[in-house]
Every structure is written in structure tokens, then in C-alpha cells.
Amino acid sequence: MYAVLETGSKQYRVVAGDTLEIERLDIEAGKPVTFDRILLVNNDGKITVGAPTVTTASVVADVVEHIRGEKKLTFKMKRRKGYHKTIGHRQELTIVKIKEIKA
59 MYAVLETGSK QYRVVAGDTL EIERLDIEAG KPVTFDRILL VNNDGKITVG APTVTTASVV
119 ADVVEHIRGE KKLTFKMKRR KGYHKTIGHR QELTIVKIKE IKA
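For the sequence shown, position 6 (counting from the first letter as 1) is numbered 64 according to the numbering used here, and the numbering increases by one without interruption.
Spelled out as C-alpha cells, the structure:
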């Protein structure tokens, strides 16, 4: 059984037991979280597609920890002007472990 859920404007295909790095959630580590925006559920070959979401489905997960992702560097430069600038960004992430899919 798997499901496709949406969180942080991204979609993830999840199975019970998976560990995901998703956009930062405002929930303490060790607490459970329920995802309600489920776009698709496959229950042993029986596929349910939402329009836009499956209203009866939800995914329960535990928040493992909060981390910061790897640093992404951006370099700006204008030729012949002596202008150059380096910008860095680290995304705030939450690691969650999927407990179960309720369909």
C-alpha cells in the first residue's frame, strides 16, 4: 500500500516505514503529525485518485528531528563592471518517519 501526499508544495510517494525530508513543520520532535492532503492511494491494486484530494485518506507520521539542508550557493556577476556577489542559502527541513496510511 502506498500513497501520494502533498506538503510544502511538493508531492511525495510514501509507504509505511519510509523516512522523508520535507519542508519545515511547526511541530516538536517526537510528536505525531497527520497529513490530510492525500492525492492518490493504492491499496493492493485498488487505486483511488482524489479530485483534488482523497477525503477519506490520511497519513500518520512521527517527527524525528529538525535539520538544515546543504548549503546552496548562488553567484552573481556583471562583466567588465567589477561586480560579483556570492549568496548562500540553507533550507530548513523536518525529518518524518511514516507510521501508517489510513484509507
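We put the CB at the ideal spot given by N, CA and C, even for glycine.
Excluding five sequence neighbours on each side, which residues of the same chain lie with their C-beta closer than 7 Å to the C-beta of GLY79?
Reading the sequence shown from its first residue, position 21 is the one you call residue 79. In the sequence as presented, Gly is not what sits at residue 79; that position holds Glu. Around GLU79: LEU151, ILE153.
Could you tell me the distance, in whole angstroms, from the CA atom of LYS134 to the CA atom of GLY146?
Residue 134 sits at position 76 when you count from the first residue of the sequence shown. Residue 146 sits at position 88 when you count from the first residue of the sequence shown. The alpha-carbon atoms of LYS134 and GLY146 are separated by roughly 11 Å.
Report the three-state DSSP secondary structure of LEU131 (helix, strand or coil).
As a working note, residue 131 is residue 73 in the sequence shown. Of the three classes helix, strand and coil, the one that applies to LEU131 here is strand, per DSSP.
Write down every uninterrupted run of the beta strand (DSSP E) in the region 84-143 whose length is 3 residues or greater and which is fully enclosed by it, in chain order.
Runs of the beta strand (DSSP E) inside the region 84-143: 90-93, 96-101, 104-107, 116-136.
Let's see if you can read the secondary structure: which residues bound the beta strand (DSSP E) around ALA61?
The residue you call residue 61 lines up with position 3 of the sequence shown. In the DSSP assignment, ALA61 falls within the unbroken beta strand (DSSP E) covering 60-65.
DSSP three-state label for GLY75, please.
Counting from 1 along the sequence shown, the entry for residue 75 is found at position 17. Correct three-state label for GLY75: coil.
Can you give the Cα-Cα distance for GLY103 and PRO90, rounded to whole angstroms?
Translated into the one-based positions of the sequence shown, residue 103 becomes position 45. Translated into the one-based positions of the sequence shown, residue 90 becomes position 32. C-alpha separation (whole angstroms): 28 Å.
Which same chain residues end up closer than 8 Å to ARG95 when comparing Cβ atoms and leaving out the 5 residues on each side of it in sequence?
Position 37 of the sequence shown, counted from the first residue, corresponds to residue 95. These residues qualify, in order along the chain: LEU63, GLU64, THR65, THR111.
Between the C-alpha atoms of SER116 and GLY140, what's the straight-line distance to the nearest angstrom?
Start at 1 with the first residue of the sequence shown, and residue 116 comes out as number 58. Start at 1 with the first residue of the sequence shown, and residue 140 comes out as number 82. When rounded, the distance between both Cα atoms is 54 Å.
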